[in-house]
Amino acid sequence: MSNETRSTGGLLESGLEGLSHNFFTGTLEELVKWARRHSVMPATFGLACCAIEMMAAGGPHYDLARYGMETFRASPRQADLMIVAGRVSQKMAPVLRQIYDQMMEPKWVISMGVCASSGGMFNNYAIVQGVDQIVPVDVYAPGCPPSPETLMHAILTLHDKIKNGELTRRKGEGAGLVVEQLGPNGPVPVTLGQG
Amino acid sequence: MTATHELPTNVNQTSEGAQELTSAGVVAAGERLRELGAVLRLSENDALLAEREQVSDDETMIINMGPQHPSTHGVLRLMLELQGETVLRCKPIIGYLHTGMERTGEELTYLQGPTNVTRMDYAAPLFTELAFSLTVEKLLDIEVPERAIWIRMLMTEMNRISSHLLFMATNGMDLGAVSMMLYGWREREEALRFLQEVTGLRMNHNYIRPGGVAADLPDGWRDGVLRLLDMLPPRLAEYDTLMNQQPIWRERLQGVGAITAEECLALGVTGPMLRSTGYDWDLRRDMPYLAFDQIEFDVVVGSFGDCFDRYAIRLAEIHESMKIVRQCLENMPKGDYRIQDKKVTPPPRARIDESMEALIHHFKIFTEGFKVPEGEAYVAIESPRGELGCYIVSDGSSKPYRMHVRAPSFVNLQSLPHLMHGSLVADAVAIISSVDPILGEVDR
Amino acid sequence: MLSGDPLLSGQIDLAVVLIVLLKVVAVFAFLLVATMLMIWFERKVVSDFQNRVGPNTAGPFGILQTLADGIKFFFKEDLIPDRAERRVFILAPLLTVVPAFLLFTIVPFGGDFSNGHDGSVELFGHTTYLQLADPAIGILFALAMSSIAVYGVMLAGWSSGSKYPLLGSVRASAQMVSYEAALGLSVCAVVLTAGTLSTHGIVVAQAGSGWGGFIPHWNLIAAGFVPFVVFLLASQAELNRPPFDLVEAEQELVGSYHTEYSSIRFALFFVAEFMNSVTMAAIIVTLFLGGPAGPALLGPGWLWGIIWFLLKMTAFLFLFVWVRSTLPRVRYDQLMDLGWKVLIPLSLGWLLLLATFWVARDQHWNGFVTVALGAVVGLTGYGLLKGAIATSKARRLEGVVD
Amino acid sequence: MTDVDAQDGEADTPTEIAPETLFGTLLTRSHGQLVLHPTREEYAGLLATLQADGYHSIIDLCGVDYLTNFSRELPPGITPERFEVVVNLINHREHSRLRLRVQIPESDPVLPTAFGLYAGSEAMERETFDMFGIAFEGHPDLTRILMPEDWIGHPLRKDYDIGRIPVQFKGAPANR
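Chain order of the listed sequences is A, B, C and D.
Heads up: the first sequence at position 5 corresponds to 4 in numbering that gives the first Met the number 0, and the numbers run straight through without jumps.
Heads up: the second sequence at position 297 corresponds to 296 in numbering that gives the first Met the number 0, and the numbers run straight through without jumps.
Heads up: the third sequence at position 309 corresponds to 308 in numbering that gives the first Met the number 0, and the numbers run straight through without jumps.
Heads up: the fourth sequence at position 9 corresponds to 8 in numbering that gives the first Met the number 0, and the numbers run straight through without jumps.
Here it is, written out as structure tokens:
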């Protein structure tokens, strides 16, 4: 473990820094990352065309189960990964955010398809121009819709991210995105990932 | 939706406001009658019955299903009023996938149009492209070449097969037969392979365009079709063994969510749902488009209008589509795959290298698009879900003045309150599944 | 031979304590590993049924998949919803997982039962059975524990303060209570045949071969096929396994009773569910297939006991997975109908029939008359039941029309 | 169709060719499709007549906003208004379709509902209300259907901005 070179955020900084050099904690960190990598349970969050391809990726030809991902959790409380598969409408956006908030840390988001990533070809009143305005996105999968192979590549990229990232990445720092949410007294800026 | 979402205290957070299903005691008698009768007129006798059925609020519970729920096929949201496990009332709430496609369609040229509409019914994208193209061709008053017609038929029927296979998969999943889901995906993948060979894309093909199709069938396409035609019958027989011959499956579907032909007509319900009631109506045969009048096939009808009939009809329609595909294979004429009308069709690639005019022409068609004479037209086709219509108003420019798609799922969804009245929660899932709504098409 | 279990011998020395501790640790470890492997096995076999590969990246053949899931859940954020009834919410998963462990204590998982042996083994100079405890009420204890597990599910749903879990817990209580009866009645048939409540006694009663020497003396045959089938079906319902997994029915109730549970608390439910599958398979084997009884071939007899036990158990676990991957879920009312109108009358009738035959044999009644009378009574009962169901159905329909 | 060509309306203007009518309503043909042009007052009555005549099913109901196209072709006697409601009906027995185009003035965008006769028009009318702000008198539940409940404006109106956001390339390196 070469933990000296990187800053360990959150948990390890709160009085446990010295331990990060320790063989035991270093190995434990590796173990936890290994476990998280191999047990990413996605939330069933299908929206549009991409959802079909997402489900197809779970089918016999592609089989997400190989990564231990066939366990799509219907309850966001038990899910680790939200695959935003499809276009997010203005009406759906608050619901999406709510489901993201209901997920437990650590959680990741894959923005699947161009509509989720940037609004795609639907640059109009109805579609949120990029889901990263609502939730912090870890991996963007391009395509309209991305083929299952693309989704699998995105998932492998996410695995890499989990492997090389911080153990307690989001504590306090968040994605640093500021969005305006409509409160009862007009727009309220909210920094995502805090609190 | 799970967790915190369904409690009335949180209603305002989702900004649903008046779309909320209010408890039975508050609802005015008239509205209650409408809901109970699923927007059908009730007889005096029925009205009295409904009056007597009034239950106190203490016994019922309003529960929210969706928009994020494993079996609402995407983002359909249902408010259910339950008494125990029995559904008393149901209100579908849609719009969670509203994409503004009809508005976007007004901003795109006629040539770009199919790219837009293909994303509506993402299980059967070629059908929306076909409806759009046929409408534009009607406005232009042009006839596409024979070969284009037959290619369109071949491709849409292949798409119908893949769409129905998708239904088999999701229907199985909703009833807890997880293996069926995986088998459905397996076969669908084979159908998609052919579509990909021809169009280059697995979904959202943008293949059928005004004036013909985007490209000719590739070499060896016959092998692709034959492979699928050989592969499917034994697999469908497997479905038959796995599902139809199994008591639990029949028990779960037979007699559930029954609807009559009169109710279907009143609600505007079309497609397999209408046919499941025994009403013999299929646009391919009764108001033929393309070359369906030259083709032999049977219109499959049910007799009880229940979930099982809707399932069985779709299974049988796969066989019928295979019949049609086989005939397309035999009768495929030679010739152009798109109309050789300078106004509508870009010049072939080879000519662009040789001629400056061709290059300019090509450029003009793809930037400005072609102009369509003023007028309006409505063309309907039979999609896997019912009558899929496209209504276009042209003001003489190169973009539609108004483009409206009559989506079968949108209309079919209206039958949900009626189908669900008095059923159980588990039936509710089976009923949603058997209506086979594609939310992209519902919300557009 | 009461001293079979060291604890009952009266003289407790260090060796006795050590033996008991050893057995506790062994059973605990076995159960954990078996559950872990069961989850992996299920995912792999279901994948095979569905033409997929299944988990294969975590460890060789994905065998560490469950471990990864467990560790991940352990290190995940935990949450108790605001609306939840805090104490009950925390208690509920424990209430499910502890009985799941306790259930296995009465299962004899090894020992030499061949050639008239009674399955005892010598350890440190003491005679003991390869089973953690052998209380005289053995099988009653199992029924009691599986009933307690219902409370875990019920309370979990109720305490979550949300509607889907509530629906799930209502389903759970109704379903489990009704199938408990069928389960108990079919166990009664076994107890009647074996003449004892002790699980060890039940295994001993089934040991050896009867009927000409090559057909085993299993309760599957001795108590008749009917209790076995009833028990198998009822145990599936009791376990919430497909096609009777209405309690969690993901497509209908999202996650049902564990919808609001996250991290390790959810993992406990998950583990308990599969542990119960393993245990239930073990109990079926004990009750109907002679447990560890089987011919000893080469080597020590007690080892063969374990091998036979594992083989029989795996066969049942495979059956469970097979059923899961083939059948769709039944509906709530169909499940209740099956429980109350088919399984309970059937097992009750069979129990009475069986009892009659035992009495008849002891009293040397005329066999033909007994059979004829039994058939008449059985058919009458069947007819009455049919009539009652038809009448109630007619009444219900009338009520609707009224 | 039995009486497509029947001249129900009396020839009021002998100098001109009498406009073709059907069920007492002006009839035109668009690319071979039959289009009726009832006024708002005629609309409800015409629907009843049509339903009695075998047009049992409503296929489609949608709105059109002709804000920038008042010069469109309409039969004489029909004044073009800003909105049109287009209704498609089908007669299964005779395998025929009919289209109704009703002119709706901008000042008073109201039309009687078809719900009483065609229950299937419920969602379609709600959609038209949502997208164009055309109210349907007597509709049981005239609320927004596709847009969020608190949305302002009717998106398919021509004077409603499409809401396009200029594409930004956030964070793209620009060190040239």
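Every residue gets a Cβ at the ideal spot worked out from N, C-alpha and C, and that includes glycine.
Next item on the list: Going by DSSP, name the residue or residues bridged to A:A195.
Entry: Since the first residue shown for chain A is 0 and the last is 194, residue 195 of chain A is missing from the structure and cannot be characterised.
Next item on the list: With a floor of 4 residues, list each alpha helix (DSSP H) that falls wholly inside the region 236-324 of chain B, ordered by position along the chain.
Entry: Runs of the alpha helix (DSSP H) inside the region 236-324 of chain B: 246-252, 260-266, 271-274 and 282-285.
Next item on the list: Under 7 angstroms between beta-carbons, which chain B residues line up against D:V85? List them in chain order, please.
Entry: Taking a Cβ-Cβ threshold of 7 angstroms, the residues of chain B close to D:V85 are Y390, in chain order.
Item checked: B:N203 vs A:C48 beta-carbon contact at 9 angstroms -> Yes, the pair counts as a contact, with Cβ atoms nearer than the cut-off.
Checklist line | Contact set between D:L26 and chain B, taken where Cβ atoms lie within less than 7 angstroms | finding: The premise fails here: D:L26 is roughly 15 angstroms from chain B at the closest Cβ pair, so nothing lies under 7 angstroms.
Next item on the list: Just confirm the distance between the C-beta atoms of D:E80 and D:Q102, as a whole number of angstroms; I'd bet it's less than 8 angstroms.
Entry: Beta-carbon to beta-carbon, D:E80 and D:Q102 are separated by about 4 angstroms, close enough to satisfy the 8 angstroms threshold.
Check: Should A:A125 be flagged as near chain D, meaning a C-beta pair shorter than 9 angstroms?
Finding: For A:A125, the nearest beta carbon of chain D is closer than 9 angstroms to its own beta carbon.
Check: Given that a residue counts as buried once 16 or more other Cβ atoms are within 10 Å of its Cβ, and exposed if not, what is C:N365?
Finding: Burial check for C:N365: the Cβ neighbour count within 10 Å stays below 16, so the residue is exposed.
Margin query: Within a Cβ cutoff of 8 angstroms, which residues of the same chain sit near C:V329, ignoring the five residues on either side of it in sequence?
Written below: Excluding sequence neighbours, C:V329 sits near P242, F243, L245 and L337.
Margin query: Between A:K106 and chain D, is any beta-carbon pair separated by less than 9 angstroms?
Written below: Taking Cβ atoms only, chain D never reaches closer than 9 angstroms to A:K106, which makes this a no.
Next item on the list: Quick one: residues in its chain with C-beta nearer than 8 angstroms to the C-beta of C:G183, no 5 flanking neighbours on either side, listed in chain order?
Entry: Cβ neighbours of C:G183 beyond the five flanking positions: L142.
Check: Which bits of chain B does D:I161 rub up against, with CB to CB less than 7 angstroms?
Finding: Contact of D:I161 with chain B by beta-carbon distance below 7 angstroms involves R102 and E106.
Note to self: For D:I58, report the span of its beta strand (DSSP E) as first-last.
What the structure shows: Annotation: the continuous beta strand (DSSP E) that includes D:I58 extends over S56 to D64.
Note to self: Let me confirm a value: C:W321 is counted as buried when at least 16 other C-beta atoms fall within 10 Å, else exposed. Which label applies?
What the structure shows: Per the 10 Å Cβ criterion, exposed.
Checklist line | Proximity test, Cβ basis, 9 angstroms: B:L39 and chain C | finding: In this prediction, B:L39 has a pLDDT of 43, which is less than 50 and means its spatial position is unreliable; nothing more can be read from the coordinates.
Note to self: Cβ closer than 7 angstroms: which chain B residues qualify as neighbours of A:T43?
What the structure shows: In chain order, P69 make up the part of chain B whose C-beta sits under 7 angstroms from the C-beta of A:T43.
Next item on the list: Using a cut-off of 9 angstroms between C-beta atoms, extract the partners of D:H91 located in chain B.
Entry: What D:H91 touches in chain B: L264, Y278, W280 and D285.
Next item on the list: Give the secondary structure of B:L423 by DSSP, where H, G and I count as helix, E and B as strand, and everything else as coil.
Entry: Secondary structure at B:L423: strand, using DSSP grouped into helix, strand and coil.
Item checked: Inter-stretch contact at 8 angstroms, needing at least 3 Cβ pairs: the region 153-172 of chain C / the region 50-66 of chain C -> The region 153-172 of chain C makes no contact with the region 50-66 of chain C: fewer than 3 CB pairs, one atom from each, lie closer than 8 angstroms.
Check: Thinking just about the alpha-carbon of each residue, which of B:W280, B:A290 and B:G112 is nearest to the one in D:N90?
Finding: For D:N90, the nearest C-alpha among the options comes from B:W280.
Margin query: With a threshold of 9 angstroms between beta carbons, is A:G173 in contact with chain B?
Written below: At A:G173, the pLDDT of 46 sits below 50, so the modelled position is not reliable; the number obtained from the coordinates is stated separately. Chain B, which has no Cβ nearer than 9 angstroms to the Cβ of A:G173, makes this no.
Margin query: Here's the rule: buried if 16 or more other CB atoms are within 10 angstroms of the residue's CB, otherwise exposed. What is C:V404?
Written below: With chain C covering only 0 through 401, there is no way to say anything about residue 404 of chain C.
Notebook entry, point to check: What are the boundary residues of the beta strand (DSSP E) that includes D:S95?
Noted result: Annotation for D:S95: the continuous beta strand (DSSP E) segment containing it runs S95 to I103.
Margin query: Tell me which residues share the same chain as B:S42 and place their Cβ nearer than 6 angstroms to its Cβ, disregarding the 5 neighbours each side in the sequence.
Written below: Residue confidence is low: B:S42 scores 45 on pLDDT, short of 50, so the model does not pin down where it sits. Its coordinate-derived value is still stated next. For B:S42, where only same-chain residues beyond five positions count, there are no Cβ hits under 6 angstroms.
Check: Interface residues of chain D around B:G374 at Cβ under 7 angstroms?
Finding: From the beta-carbon of B:G374, the residues of chain D found nearer than 7 angstroms are S29 and H30.
Notebook entry, point to check: Name the DSSP bridge partner or partners of C:T126?
Noted result: BP columns for C:T126 point to C:E121.
Margin query: Let me confirm a value: C:W303 is counted as buried when at least 16 other C-beta atoms fall within 10 Å, else exposed. Which label applies?
Written below: A residue is called buried when at least 16 other Cβ atoms come within 10 angstroms of its Cβ; C:W303 meets this threshold and is buried.
Notebook entry, point to check: Hey, is the region 225-234 of chain B in contact with the region 78-92 of chain A, meaning 3+ C-beta pairs nearer than 8 angstroms?
Noted result: With the cut-off at 8 angstroms, the region 225-234 of chain B and the region 78-92 of chain A do not touch.
Notebook entry, point to check: Of all the residues that make up the region 134-161 of chain A, which are near chain C by a beta-carbon distance shorter than 8 angstroms?
Noted result: Within the region 134-161 of chain A, not one residue has a Cβ closer than 8 angstroms to any Cβ of chain C.
Next item on the list: Inspect the CB distances between the region 378-389 of chain B and the region 360-370 of chain B and report whether three or more fall short of 8 angstroms.
Entry: Touching, no, given that fewer than three Cβ pairs across the two stretches are closer than 8 angstroms.
Next item on the list: Under the assumption that C:S168 contacts C:V186 (Cβ atoms under 8 angstroms), give the Cβ distance between them as a whole number of angstroms.
Entry: 26 angstroms between Cβ atoms; not a contact.
Next item on the list: Could you name the residues of chain E that B:H97 contacts, counting a contact when the two beta carbons are closer than 7 angstroms?
Entry: Going by chain labels, chain E is absent from the structure shown, which instead holds the protein chains A, B, C and D.
Notebook entry, point to check: DSSP on C:A132, reduced to helix/strand/coil?
Noted result: The answer is coil: DSSP assigns C:A132 none of H, G, I, E or B.
Note to self: Given a cut-off of 9 angstroms on the beta-carbon distance, is the pair A:G104 and C:R42 in contact?
What the structure shows: The question names Gly, but residue 104 of chain A in the sequence shown is Glu. Judged by beta-carbon spacing, C:R42 lies beyond the 9 angstroms limit of A:E104, meaning their Cβ atoms are not closer than that value.
Check: What are the residues that DSSP puts in a beta bridge with C:A28?
Finding: Paired residue(s): none; C:A28 is not in a bridge.
Checklist line | Close Cβ partners of C:K75 (< 8 angstroms) along its chain, the five nearest in sequence each way excluded | finding: Closer than 8 angstroms at Cβ, skipping near neighbours: S261, S262 and I263.
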